[in-house]
Each structure stands twice: as structure tokens, then as C-alpha cells.
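A.B. asks: The structure is given below, and queries will be raised subsequently.
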Amino acid sequence: MKDFIYGIKRSIPIGIAYLAVSFAFGVMAVNGITPLMATIISLTNLTSSSQFAGVRLIFETASYIEIAATIFLINLRYSLMSISISQKLDESIPTWKKMIFGFGITDEIYAVAISEDRRRLSSSYMFGMIILPIIGWTLGTLIGAVSSTLFSNRLLEALNIALYAMFVAIITPDAKKNLSVFIVVIISIALSCLFYYVPYINEVNPGLKIIIPTIFATLLGAILFPLKENNKEEKENV
Amino acid sequence: MYNVIVVIIMALLTYLSRILPLVFIKNQITNKFIKSFLYYIPYAVLACLTFPAIFHFSSNIYLSLIGTALALVLSILNQKMYIVVLASVVVVFGCSYFFY
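In the order they appear, the protein sequences are chains A and B.
Read in the working numbering, the first sequence has 32 at position 25, and its numbers run on one by one without any break.
Read in the working numbering, the second sequence has 101 at position 100, and its numbers run on one by one without any break.
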């Protein structure tokens, strides 16, 4: 119970940030899907980048394969985080509990959980951590989706930057500290611009516009700058 | 129907990506190449999702560039995520009165 309350306390800033960003997601999503659908996506996915990409692909009626490939790729990082978290979990936690709280591993929850001083994380702590972010993320989407008609176009347009600003805030600190991350980011941006602006090339499917530059840049990064031993993968986003 | 199937695909793939390693991987991954590849993926994905789309989030290119510059500067100054997000939205909203 003590761990549960502690987890909840640690997750409060994440819940607040999620409320704001998912509000923007809700506003954006209703351009092409219903508020109910947007809320269900947030409740069942609990992720910013792949939801954002997924909805953009829905707008363009992309194929299932394209959507699945994009989502899979964007979510690969969660697998990495889960691997890393699994090393820090209490060994006595049964599998069925992992299958429940594992649902809530996001970039931010991972960053906080992995930085805890305690050697082993209990399942109560993990359950405490995920509750408020799930509520914040879902509620924010619902409010944004149903109230978007109440706001001026001016404000709605300004809200478009919220998700991008969050992504910039996630990438920049690590790109600043780590030259190889910086180079991978620059290569990604260059390739992505290529697929956006250059005639003929920019006619490929929207999902591929994200997948191809990502794979190229990541492969280059892994070949040119392989991780040194004991390099920590964790990110500090919050 | 299309939307429903897409939502199921998204939810399932997202859930599996989080759950499978947690349930099945007991040991640390040792392959250096795979570790490096996994390490760089989030940065590459987020960079591709953000750029150049952020240059066009607004129909006004100057407004888009102001918002982009602000988000970058605040992030470089190590501001917290929610501050970068809220400040960008507020400043872009304020500036929009000069451009429209």
C-alpha cells in the first residue's frame, strides 16, 4: 500500500502533462474521427507518437499493412523500455500482474520508474504509477475532442503545435548531451524533408515517409556509433 | 469499419510491444548492434514525425517558424516538457493576432 501511494505521488506531474497534450490530440483527432473513437484510441493505446501517426494515417486511409508497420516501428522503443524495466522488477511478481501494469509503460513513466533509487520495483508501485497518467491521457482526449467546437480557430491552430513541441522537448536534451544522437536526429530530419518536399519521392505512401527515413537513420546510427558497454539507455523526459 | 480495425491493430501492437519483453525476456540483451538499433529508434521516429511537419502546423509559415524556434530554444534551455508545450501553444496563440 505504501508503494502504491508512492507510485501515485511520483506520477502526478506526468498526469498533468498528459492532460494538456492529449487535449491537443483530441482536438486534432476530431478532424477525421469521432470523439468517442479518439477517446477509445487514447484509452487503449496510451501513447503519443504512435497514436498521432496512426490518426494521421487514418485521415489518409492508409492500408492496414502500412499502419501496422508504422505502429510496430514507432513502438519498438517500448520493447526496449520493457526489457530494461524487467531487469529492475521484483522477481516474485507473477506474470499476470506484469501483463496488466505493462500496459502503462510510456516514455515518461519509464523514465521515472527506472530512475528510482530502490533496487527492485514492486507491482504496487507500478500500479500506482500508471493510474493517473491513464486517467489524464484519456480524460484530456475526451475533453479536447468534445469541446473543440467551442474554441476559436485561432486557438485550435495554436494547439496544433502541442504534440510537436512535446516531441522536440523529448529529443533535444539527449541530442544536446550526446553527439551520436544529435547526428541521428539530423540525418532523420534531412531524410524526412526529402520525402516531404522532393517531387516524385514525396508521392510514396504516408506511412513509408516515416518508416524509410527512420530505418535509414537508425541503421546508420547503429553502424557508425554502436553503443559502448554499460551505456545507459534511459531517457529523462519529465 | 476501417476505423475500428485500425484502432484494434494499433491497440494490439502497442500492447504487445510493451508486454512481450516483460513476460518473455529474462536476460539482458547482449547483441551490440540490436541494442544500438533499439537505442536510436525513438529519436529517429520522433524527429521524422516532427520535421518538417512542424514547419506547417499553422497555415501561416511565419507563425509556424516562430513556434518551432520557441519549442527548440526552450528545450535547449532544458525546460520541463509541460513548460515547452504550454509556452509554445500560448505564444503561438498570442502571435496569431499579428498575422491574421
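From the three backbone atoms N, C-alpha and C, an ideal C-beta is built for every residue, glycine too.
Could you tell me whether the Cβ atoms of residue 175 of chain A and residue 228 of chain A are closer together than 8 Å?
C.D. replies: Not a contact, by the Cβ cut-off of 8 Å.
A.B. asks: Quick check: what's the CA-CA separation for residue 130 of chain A versus residue 26 of chain B?
C.D. replies: Approximately 18 Å, taken between the alpha carbons.
A.B. asks: Note down, in chain order, each residue of its chain lying with its Cβ closer than 7 Å to the Cβ of residue 145 of chain A, except the 5 sequence neighbours on either side.
C.D. replies: Taken in chain order, the residues that qualify are 46, 49 and 50.
A.B. asks: Which of the three DSSP states, helix, strand or coil, is assigned to residue 96 of chain A?
C.D. replies: Here residue 96 of chain A sits in strand by DSSP.
A.B. asks: Taking buried to mean at least 16 other C-beta atoms within 10 Å of its own C-beta, is residue 235 of chain A buried or exposed?
C.D. replies: It is exposed - the Cβ of residue 235 of chain A has fewer than 16 other Cβ atoms within 10 Å.
A.B. asks: Could you tell me whether any Cβ in chain B is nearer than 8 Å to the Cβ of residue 191 of chain A?
C.D. replies: Closer than 8 Å: yes.
A.B. asks: Look up residue 43 of chain A in the DSSP assignment and say whether it is helix, strand or coil.
C.D. replies: The answer is helix: DSSP assigns residue 43 of chain A an H, G or I state.
A.B. asks: What span of residues does the alpha helix (DSSP H) with residue 75 of chain B cover, start to end?
C.D. replies: First-last of the alpha helix (DSSP H) with residue 75 of chain B: 62-77.
A.B. asks: Would you identify the three-state DSSP class for residue 234 of chain A, choosing helix, strand or coil?
C.D. replies: Coil, per DSSP.
A.B. asks: Cα-Cα, which of A/155, A/226 and A/218 is closest to residue 80 of chain A?
C.D. replies: Among A/155, A/226 and A/218, the Cα nearest to that of residue 80 of chain A is on A/218.
A.B. asks: Express the C-alpha separation of residue 77 of chain A and residue 41 of chain B in angstroms, rounding to a whole number.
C.D. replies: Approximately 16 Å between the Cα atoms of the pair.
A.B. asks: Please report the distance separating the alpha-carbon of residue 206 of chain A from that of residue 200 of chain A.
C.D. replies: Each residue's Cα considered, the two are about 11 Å apart.
A.B. asks: Just tell me which of A/102, A/33, A/86 and A/10 has its CA closest to the CA of residue 155 of chain A.
C.D. replies: Here the closest residue by C-alpha is A/33.
A.B. asks: Under 6 Å Cβ to Cβ from residue 195 of chain A, same chain only, skipping five residues before and after it: list those, please.
C.D. replies: Taken in chain order, the residues that qualify are 220 and 224.
A.B. asks: When the Cα atoms are used, what is the spatial distance from residue 101 of chain B to residue 135 of chain A?
C.D. replies: Distance between the alpha carbons of residue 101 of chain B and residue 135 of chain A: 46 Å.
A.B. asks: Could you name the residues of the stretch 8-21 of chain B whose beta carbon sits closer than 8 Å to any beta carbon of chain A, in the order they occur along the chain?
C.D. replies: Listed by position along the chain: 8, 10, 11, 12, 14, 15, 16, 18, 19, 20 and 21.
A.B. asks: Taking only beta-carbon positions, decide if residue 244 of chain A is within less than 8 Å of chain B.
C.D. replies: Interpretation of residue 244 of chain A is limited by its pLDDT of 36, a score under 50 that renders its predicted location unreliable; the figure taken from the coordinates is listed afterwards. Judged by the 8 Å Cβ criterion, residue 244 of chain A is in contact with chain B.
A.B. asks: Do residue 19 of chain B and residue 85 of chain A have their beta-carbon atoms positioned less than 8 Å apart in this structure?
C.D. replies: Their beta carbons are under 8 Å apart, which means residue 85 of chain A touches residue 19 of chain B by this criterion.
A.B. asks: Counting only the same chain and skipping the five closest in sequence on each side, list residues whose C-beta sits under 8 Å from that of residue 211 of chain A.
C.D. replies: Excluding sequence neighbours, residue 211 of chain A sits near 202 and 219.
A.B. asks: Could you run through the stretch 169-182 of chain A and flag, in chain order, every residue whose CB is less than 8 Å away from some CB of chain B?
C.D. replies: Result list: 169, 171, 172, 173, 174, 175, 176, 177, 178, 179, 180, 181 and 182.
A.B. asks: Answer yes if the stretch 171-187 of chain A comes into contact with the stretch 65-81 of chain B, meaning at least three C-beta pairs across the two stretches below 8 Å, and no otherwise.
C.D. replies: Yes, they touch.
A.B. asks: Within the present structure, is the beta-carbon of residue 19 of chain B separated from the nearest heavy atom of the ligand GDP by less than 7 Å?
C.D. replies: No copy of the ligand GDP occurs in the structure displayed, which carries no ligand at all.
A.B. asks: Thinking C-beta only, is residue 139 of chain A closer than 8 Å to residue 15 of chain A?
C.D. replies: Closer than 8 Å, so yes.
A.B. asks: Measure the alpha-carbon distance for residue 56 of chain B versus residue 12 of chain A and round it to whole angstroms.
C.D. replies: Rounded to whole angstroms, residue 56 of chain B to residue 12 of chain A spans 42 Å at the Cα level.
A.B. asks: Mind listing the chain A neighbours of residue 26 of chain B? Cutoff is C-beta to C-beta under 7 Å, in chain order.
C.D. replies: Ordered by position in chain A, the residues that pass the 7 Å Cβ test against residue 26 of chain B are 90 and 93.
A.B. asks: Got a sec? Which residues, its chain only, sit under 7 Å from residue 104 of chain A by beta carbon, not counting five neighbours each side?
C.D. replies: Here the set comprises 130.
A.B. asks: Mind listing, in chain order, the continuous alpha helix (DSSP H) runs of no fewer than 4 residues lying wholly within the stretch 165-201 of chain A?
C.D. replies: Taking only runs of at least 4 residues, the alpha helix (DSSP H) segments lying wholly in the stretch 165-201 of chain A are 168-184.
A.B. asks: From the beta carbon of residue 52 of chain B, is the nearest beta carbon of chain A less than 8 Å away?
C.D. replies: At least one chain A Cβ lies under 8 Å of residue 52 of chain B.
A.B. asks: Since I believe residue 9 of chain B is in contact with residue 71 of chain A (beta carbons under 8 Å), could you give me their beta-carbon distance rounded to a whole number of angstroms?
C.D. replies: With 8 Å as the limit, residue 71 of chain A and residue 9 of chain B do not qualify as a contact, their Cβ atoms being about 10 Å apart.
A.B. asks: Can you tell me whether residue 53 of chain A is helix, strand or coil according to DSSP?
C.D. replies: Reduced to three states, the DSSP call for residue 53 of chain A is coil.
A.B. asks: Can you confirm whether residue 125 of chain A, when its beta carbon is compared against all beta carbons of chain B, has any partner nearer than 8 Å?
C.D. replies: Not closer than 8 Å to any Cβ of chain B, the Cβ of residue 125 of chain A fails to qualify, so no.
A.B. asks: What separation, rounded to the nearest whole angstrom, lies between the Cα atoms of residue 102 of chain B and residue 188 of chain A?
C.D. replies: Summary: the structure shown does not reach residue 102 of chain B, with chain B confined to residues 2 through 101, and so no result is reported for it.
A.B. asks: Under 8 Å between beta-carbons, which chain A residues line up against residue 47 of chain B? List them in chain order, please.
C.D. replies: Residues of chain A passing the Cβ test: 56, 174, 177 and 178.
A.B. asks: Give, in chain order, every residue of the stretch 105-134 of chain A whose Cβ lies closer than 7 Å to some Cβ of chain B.
C.D. replies: Listed in sequence order: 105, 106, 109, 110 and 112.
A.B. asks: Hey, residue 90 of chain B and residue 69 of chain A are a contact pair by Cβ (cut 8 Å); roughly how many whole angstroms apart?
C.D. replies: Between residue 69 of chain A and residue 90 of chain B the Cβ distance is about 28 Å, and since that is not below 8 Å, they are no contact.
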